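Undergrad:
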Amino acid sequence: MNEVETQNKVKIHTKNLDLFYGDVHALKDVNLDIQSHNVTALIGPSGCGKSTYLKTLNRMNDTIDGVKITGDVFLDNENVYGKGVDVTILRKKVGMVFQSPNPFPMSIYDNITYGPRMHGVKKRIELDEIVEKSLKGAAIWDEVKDRMKKSALSLSGGQQQRLCIARALATQPDVLLMDEPTSALDPISTTKIEELIAELKKNYSIVIVTHNMQQAARISDDTAFFLLGELIENHKTETIFSSPQDKRTEDYITGRFG
Amino acid sequence: MEQMGLTTGRNKSKSTVERIMNIIFLICGLAAVICVICMTVYMIISGWPAIQKIGVFEFLFGQVWDPENSEFGIAPMILSSIIATFSAILVALPLGILVAVFLSKLIPGRLSSILRTLIDLLAGIPSVVYGLLGAILIVPLIFELQTSLGLPTSGCLLSAIIILIIMILPTIISVSETAIRAVPQQYEDASLALGSTKLQSIFRATVPAAKSGIVAGMVLGVGRAIGEAMAVIMVAGNAAIMPEFLKPARLLTASIPIEWAYSSGLHREALYGIGLVLFIFIMVINIVLNMVLKKAVN
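Residue numbers (my numbering), protein chains in the order written: chain A, 1 to 258; chain B, 1001 to 1298.
1. Any idea if GLN245 of chain A is buried or exposed, counting beta-carbon neighbours within 10 angstroms, 16 or more meaning buried?
2. Ends of the beta strand (DSSP E) at ALA41 of chain A?
3. Does any CB atom of chain A fall closer than 8 Å to the CB of THR1178 of chain B?
4. What are the partner residues of ASP1066 of chain B, as DSSP defines its beta bridges?
5. Can you round the beta-carbon distance between GLY1131 of chain B and MET1234 of chain B to whole angstroms, since I take them to be within the 8 Å contact cut?
6. Using CA atoms only, rank isn't needed, just tell me which of B:GLY1221, B:LYS1211 and B:VAL1277 is closest to LEU1293 of chain B.
7. Any contact between the stretch 154 to 162 of chain A and the stretch 85 to 103 of chain A? By contact I mean 3 or more CB pairs, one from each, below 8 Å.
8. Which runs of the alpha helix (DSSP H), 4 residues or longer, sit entirely within the stretch 1033 to 1118 of chain B?
9. Between TYR53 of chain A and chain B, is there a C-beta pair that is closer than 8 Å?
10. Which chain B residues sit within Cβ distance under 8 Å of MET60 of chain A?
11. Residues of chain B with CB under 7 Å from LYS149 of chain A, in chain order?
12. Starting from the beta carbon of ALA1216 of chain B, find every residue of chain A whose beta carbon is closer than 7 Å, and list them in chain order.
13. For LEU1137 of chain B, collect the residues of the same chain with a Cβ closer than 6 Å to its Cβ; drop the 5 residues on either side in sequence, then sort them by chain order.
14. Exposed or buried, what is ASN1069 of chain B when buried is set at 16 or more other beta-carbons lying within 10 Å of its beta-carbon?
15. From this set, A:PRO116, A:MET96 and A:ASN212, which residue's C-alpha is nearest LYS55 of chain A's C-alpha?
16. If you measure from the beta carbon of LYS50 of chain A to each beta carbon in chain B, is any gap under 8 Å?
17. Establish whether the CB of LYS260 of chain A and some CB of chain B are separated by less than 8 Å.
18. Assuming the contact rule is C-beta atoms closer than 8 Å, LEU196 of chain A and ALA138 of chain A should be a hit. Round their C-beta distance to whole Å, please.
19. Tell me which residues of the stretch 177 to 197 of chain A have at least one Cβ-Cβ distance to chain B shorter than 7 Å, keeping chain order.
20. Flag THR1197 of chain B as yes if its beta-carbon sits less than 8 Å from any beta-carbon of chain A, otherwise no.
21. So, is the C-beta of MET1 of chain A closer than 8 Å to a C-beta in chain B?
22. Just the C-alpha distance for MET1167 of chain B and ILE1258 of chain B, rounded to the nearest angstrom, thanks.
23. Enumerate, from N- to C-terminal direction, the unbroken beta strand (DSSP E) stretches of 3 or more residues contained entirely within the stretch 17 to 77 of chain A.
24. By alpha-carbon positions, which one of A:GLU132, A:LYS150, A:SER189 and A:ASP186 ends up nearest to ARG167 of chain A?
25. Opposite GLU230 of chain A in the DSSP bridges: which residues?
26. What did DSSP end up calling MET1291 of chain B once you bin it into helix, strand or coil?
27. Relative to the C-alpha of GLN214 of chain A, which candidate in A:GLY82, A:GLY44 and A:LEU19 has its C-alpha closest?
28. Could you spell out where the alpha helix (DSSP H) holding ILE1214 of chain B opens and where it closes?
29. Indicate the three-state DSSP secondary structure (helix, strand or coil) for ASP222 of chain A in the structure shown.
30. Quick check: is the beta carbon of ALA1182 of chain B nearer than 8 Å to any beta carbon in chain A?
31. Would you say PRO105 of chain A reaches chain B, if we count a Cβ-Cβ gap shorter than 8 Å as a contact?
32. Quick check on TYR114 of chain A - is its C-beta less than 8 Å from some C-beta in chain B?
33. Within 8 Å (strictly less), CB to CB, does SER239 of chain A reach chain B?
34. Could you name the residues of the same chain whose beta carbon sits closer than 6 Å to that of SER134 of chain A, not counting the 5 residues immediately before and after it, in chain order?
35. Near ASP174 of chain A, what residues of its chain come up, given a Cβ to Cβ distance below 6 Å and the 5 sequence neighbours on each side ignored?
36. Are the stretch 1267 to 1277 of chain B and the stretch 1047 to 1064 of chain B in contact at 8 Å, needing three or more beta carbon pairs?
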């Protein structure tokens, strides 16, 4: 596949997606396309459904009691909510990074190999290779290569988050979901993660939820604005921030509410 | 000049109260430490002479316990106690962890809290009641087993082990369950997001993260098993012979209550000696397991 083909290709296609938490209608008829090898930012005030939407993409909402989902999410033209879909394979292909860094209380090495081992990789040489590749991919190799056996919890918050990104990369996903990955980090760590995201989009399609409008403007190619469970509008990031179509989007990005 | 800034007249009386309270707390703390020290000293003073008279080697490694003929070897009891405790933990620990996982992760909260209350209740039942249950329910079953194997029927080591398993399970379950429940949900979420199944996530992410609590449960279980006397006496047959699963066995704890009333002279002193050995056993196990525990936490 060459560069031209990978550009402007729809990676995830969401169609008429509704989600209910019990009686609460948390996502209302969401239709959204996510481009391959792009960074798509999901913005909106707290409780607008952006994180909920993100989790429909790897079906992490399935674990919550009382969630009902209708509509379709297609990943490479395959329905994520179709019959007989194995969520473990889905989640292997669609990695996720959480809001606060959550490395396992194990060694750095074991954190990275956790996913691959679960998916049946056993050979030491293969695992070593995956570890090096993943840690390099997450720009943390140089910092940890001499202390693989040390506990992941001995790392700083920013390092932990990059380790979590590396851990997600280790299962060789196509898509990376990031749920406010820098909200618990200091500005320097945040910058590092943002630079990393710019690097990662060459190989992965990235969907990132962020509360930080500047961050969305800095790092994303496309932006989708959610409000009260509805997708208000989505466009190229420059368009959203320079000439939003909807009054509500304009109000939000200019800081009139949020 | 009247009161300046941060000083008040009450300052002095306040600090006096603080000082007195400090002393009271110090006394309370010391009381606990002094108890332990006194016990240790007393056990050594009262237990050591007999061991010396009998001979350390004769006492610890002698295979015959026959006070009437002045034979005081407690090796059969030491071995029986070790085998009983070890076997009980070997079964109760994995079983307890599985039950703890079941209670904390796999069933709805309300059902789980009912079951937890029941299990906590089990932990508080007097051991003599367990002994009764064992004598009524387990011993007859073992009799059948012994008969079918052509062995004489009697209380035996296996019955004691089964009773110990039942007795230490509630403790292990309760402590492990609390530990598993205390593990942040985020580990399980991270594991699920990497494409693990729910069970894989529980056993490879959550349970390992709770290992320090689980080890603590094990320490308590071992302590209870090795120190248990009453329930064990009621089912074990109590013959001081080398341990075999289906033959009568006497555990370290058993001789003291069985023989105390009629013992005198060196015999009674030897019982003190057994007490000292048991005491050292429990100390060593606690210290070693606590070291393991600390290592596990780090």
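Yeah, the Cβ is synthetic: ideal placement off N, Cα and C, and Gly gets one too.
It should be emphasised that the depicted structure is a prediction, and the values quoted were computed from it without experimental measurement.
TA: For this structure:
1. exposed
2. 39 to 43
3. no
4. B:GLU1071
5. 3 Å
6. B:LYS1211
7. yes
8. 1056 to 1061 and 1075 to 1101
9. no
10. ASP1189, LEU1192 and ALA1193
11. Within chain B, no residue comes near LYS149 of chain A; the closest Cβ sits about 13 Å away, beyond 7 Å.
12. Going along chain A, no residue has its Cβ under 7 Å from ALA1216 of chain B, so there is no contact; the nearest lies around 16 Å.
13. none
14. exposed
15. A:MET96
16. no
17. As shown, chain A starts at 1 and ends at 258. That puts residue 260 of chain A outside it, with no answer to give.
18. 6 Å
19. none
20. yes
21. Residue confidence for MET1 of chain A is low, a pLDDT of 38 falling below 50, so the modelled location carries little weight; the figure read from the coordinates is stated next. False, the Cβ-Cβ gap to chain B never drops below 8 Å.
22. 21 Å
23. 24 to 35, 39 to 43 and 67 to 75
24. A:GLU132
25. A:LYS28 and A:LEU227
26. helix
27. A:GLY44
28. 1211 to 1227
29. strand
30. no
31. yes
32. yes
33. The sequence given here has Thr at residue 239 of chain A, not Ser. Taking Cβ atoms only, chain B never reaches closer than 8 Å to THR239 of chain A, which makes this a no.
34. ILE112, ALA166, LEU169 and ALA170
35. LYS93
36. yes
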